[in-house]
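Following: one structure in structure tokens, then a few remarks.
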Amino acid sequence: MRIDSNSYPSSSDDIFLPEFISKTYFIMKNPFLNTVALLSLFLLFSFTTINFQKQPLYSKQKIEQYINEVFADQADALVFKSSSKRLPLITDFFNRISIQNLPEHRGKKFKLLSSLELQDKYNSNLKRDKNFDPDNFNALKYQFDMVCKNKLVYRVDNTDYLISIEPLK
385 MRIDSNSYPS SSDDIFLPEF ISKTYFIMKN PFLNTVALLS LFLLFSFTTI
435 NFQKQPLYSK QKIEQYINEV FADQADALVF KSSSKRLPLI TDFFNRISIQ
485 NLPEHRGKKF KLLSSLELQD KYNSNLKRDK NFDPDNFNAL KYQFDMVCKN
535 KLVYRVDNTD YLISIEPLK
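According to my numbering, the residues represented by the sequence shown are 385 to 553, in order.
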């Protein structure tokens, strides 16, 4: 058997590659390490997926509170204990709303929140909010198109807040 001088590594970097390959081969041959590696990757990707899921802006309790505010003493008859599809429609409506503070859109024209009528048919004491609080905004108080086919965007008067309503799917 003849040994060629080209078969030997010429630098210290070339020696590292076979060691790396042999260590990688050892890890791949070891079932325990394979399981740990796969489990680690699975957990990493599952947590990443959870972080990207959109959280609803409104909780079930908040939606019920807002329904009671708008429908007053008719809330049970018209929404909660009704055979109509109002509760799922209203819940879906709230889940399609997003509110963002976007100063970069300051000069752009959007419909104003003040252009919408109040839903005061069942509660004549319903009033517009004097100070806008995105965490406590009851969109049900206003006559938004709840079954819109296109995205709607409204500006809260004299603010940089935009209210977006995604279309009904």
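The beta-carbon is built from N, C-alpha and C at its ideal position, and this holds for glycine as well.
These numbers were taken from a predicted model, which means no experiment stands behind them.
Point to revise | Ranges of the alpha helix (DSSP H) found wholly within the stretch 468-514, counting only runs of at least 4 | key: Fully enclosed alpha helix (DSSP H) runs of 4 or longer: 470-479.
Point to revise | Same chain, Cβ closer than 6 Å to Ala523, neighbours up to 5 away in sequence not counted | key: Taking the sequence shown and counting its residues from 1, the one referred to as residue 523 is at position 139. Cβ within range, chain order: Ile481.
Review point. If you pair each beta-carbon of the stretch 537-545 with each one of the stretch 496-511, do three or more pairs fall below 8 Å?
Key: Between the stretch 537-545 and the stretch 496-511 there are three or more C-beta pairs closer than 8 Å, enough to call the two in contact.
Exercise for review: With hydrogens ignored, establish whether the beta-carbon of Lys444 is closer than 8 Å to any heavy atom of the ligand PLP.
Suggested key: Ligands in the displayed structure: none, and consequently the ligand PLP is not present.
Review point. Taking the C-alpha atoms as reference points, what is the distance between Glu453 and Pro487?
Key: In the sequence shown, counting from the first residue as 1, residue 453 sits at position 69. In the sequence shown, counting from the first residue as 1, residue 487 sits at position 103. Roughly 31 Å separates the two Cα atoms.
Check your understanding: Which term fits Val463, buried or exposed, when burial requires 16 or more other beta carbons within 10 angstroms of its beta carbon?
Key -> Along the sequence shown, one-based indexing puts residue 463 at 79. Counting Cβ neighbours within 10 Å, Val463 comes out buried, since at least 16 surround it.
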